[in-house]
Structure formats: structure tokens, C-alpha cells
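Those letters in the sequence shown? Residues 237 to 371, per my numbering, in order. We put the CB at the ideal spot given by N, CA and C, even for glycine. All of these numbers come straight from a predicted model, not from anything done at the bench. Following: one structure in C-alpha cells, then a few remarks.
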Amino acid sequence: MLRKDVEGVARLQLQVNSEVGKLKAVLLHRPGKELERLTPEFLNELLFDDIPWLKRIQEEHDRFAETLKENGVTVYYLEELLEEVLEDDGIKEFFIYDLVSYMNTSLEIKKTITNFLREKSPKELVHHAIAGLLR
237 MLRKDVEGVA RLQLQVNSEV GKLKAVLLHR PGKELERLTP EFLNELLFDD
287 IPWLKRIQEE HDRFAETLKE NGVTVYYLEE LLEEVLEDDG IKEFFIYDLV
337 SYMNTSLEIK KTITNFLREK SPKELVHHAI AGLLR
């Protein structure tokens, strides 16, 4: 899925040569737990009329992805690519640092979250990065 360059860093070749040409590949995220964690006060800001029904959204997404594949489009999933690159401990550490540094909370809580995330597998880390953490 990813190519490793001479330094061993995984790279995915991205380029857009046309706005109207044939789509060759696309990066998708399958909706998940993050939608179940939406609260009414954020719905309007995120352009939702009501709390979304996760199962239906996932079914629609799956049909969309399948239609793309049936038309020769390579479908990459964000979660899978992140899991792959987060196997590298250095990248994982930087990812956690970057993720936590933007949190609007105390240094103490940031340290607790950092330590919690360090213990997670790449798959679990991706889940928490996308779906968030509950108190």
C-alpha cells in the first residue's frame, strides 16, 4: 500500500493532474464511533440537522466505496494507512505529541493522555485519535 523511500519512510504518491479526469484513487474514512459522540451543541457547527444514525451512514458509505471500486478506483482507508505508519515508534511518538499538543487542557491532563496513548497499539491509537476519548 505504501512505498518506503531510501530512508525507510513510508510514502504514498499523491497528485492531482485534472479536476475532471478519471479518478484513479481516493482516501476515505468509514464513519465510526466519532458520530455517536456528537453532542447537540456541535450538530449545527458540523452541518448536521440531527444526531446521525451510524448504521445507516456506514451502509451508505460502504455502497459508495463499493461503487468506486467497481469503477476501477483504488480505495485507501485513512485508518489503515495511519495504522501502518504508526508501527514505527518514532512516528507514533510524534503523532501522539502532535495530537495532544492541540488539546485545550492542563499540562497534567496532557501528560496523562500522552501516557495512556503510548500504551495503545497503532489500531487503538488511530481509534482514539478519530473517535476521541471519553472522561
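Straight-line spacing of the CA atoms in Glu277 and His363 works out to 23 Å. With contacts defined as CB atoms closer than 8 Å, Ala367 and Arg273 qualify as a contacting pair.
Cβ neighbours of His265 within its own chain (closer than 6 Å, five residues either side excluded): Leu314. Under the DSSP assignment, Tyr333 falls in the alpha helix (DSSP H) whose first and last residues are Asp325 to Ser337. Assignment of Thr275 by DSSP, reduced to helix, strand and coil, places it in the coil class.
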